[in-house]
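For the sequence shown, the working numbering begins at 1406 and goes up steadily by one.
Ideal Cβ placement from N, Cα and C applies to all residues, glycine included.
As the structure is a prediction and not an experimental result, all values here were calculated from the model.
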Amino acid sequence: MNKRNYQKELDKKLEELQKEEKMPTLFLHSCCAPCSSYVLEYLSRYFEITVFYYNPNIYPPSEYEERTSEQERLIREFNREREYEADRHLIHFVAGTYVPDDFYAAAKGLEQEPEGGARCTECFKLRLSEAAREAKAGGFDFFTTTLTISPLKDAERLNRIGEEMGEEYGVEFLPSDFKKRNGYKRSTELSREHALYRQNYCGCVFSKRESEARSAERPE
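Below, the structure is given as structure tokens:
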């Protein structure tokens, strides 16, 4: 069975939309400002984008507040820079609810799983399910997530979950593998340009502990 190339699938979809001369709406789940930077730069010429910041996994609450603030700041700066570019719409922002207990319920029984394992799958399902539900309720043409930009995230798993949630709620999931074509590298460049806070762990208390353990093991 041939492995799917999600970047090529995205290319094909964007080409179709350009031929139709459409500017559809996209509900973009964002995990953080740095990861969203390249995705916003890339897709804002094809879609009218609303960023959906829904990440109940983030620990502690002060970290959540800092990451949310950085996301909003990046959007303000992008909009200011691109205000007079005719082929781009302004980017909108919607904050999801922050209820960490929703994440802990999804992760129950999987607390000892390593990062990237079954606990992460349940976290992806939680966030993409909410993104799909909100996208459908808001009448958006598409939804997707910035998560595929990370070299540590499995694009096949994320796209499969996104497609499943899209089918469940009746809204089209936009395929992606944003790390391709130096997407991750470009996100680091944009993060420097905008002086974005770049966290050293994915978000949840379990990934934070793993990150701290790795740091403690490194020789000084």
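Using 10 angstroms around the beta-carbon of K1427, count the other beta-carbons present and answer buried if the total reaches 16, otherwise exposed.
exposed
Does E1577 come out as helix, strand or coil in the three-state DSSP assignment?
strand
So what does DSSP say about E1453, is it helix, strand or coil?
strand
C-beta contact flag for F1583 and M1570 at 8 Å
no
Spatial distance of L1479 from R1524 (CA atoms):
Cα to Cα, the separation comes out at about 29 Å.
If you draw a straight line from the C-alpha of E1475 to the C-alpha of A1536, how long is it?
20 Å
From this set, Q1412, K1424 and I1454, which residue's C-alpha is nearest A1540's C-alpha?
For the residues Q1412, K1424 and I1454, the minimum Cα distance to A1540 belongs to I1454.
Going by beta-carbon coordinates alone, are E1520 and S1620 separated by less than 8 Å?
no
Rounded to whole angstroms, what's the CA-CA distance from R1522 to N1605? Just pull it up for me.
One point to set straight first is that residue 1522 is Gly, not Arg, in the sequence displayed. Here the C-alpha atom of G1522 lies approximately 19 Å from the C-alpha atom of N1605.
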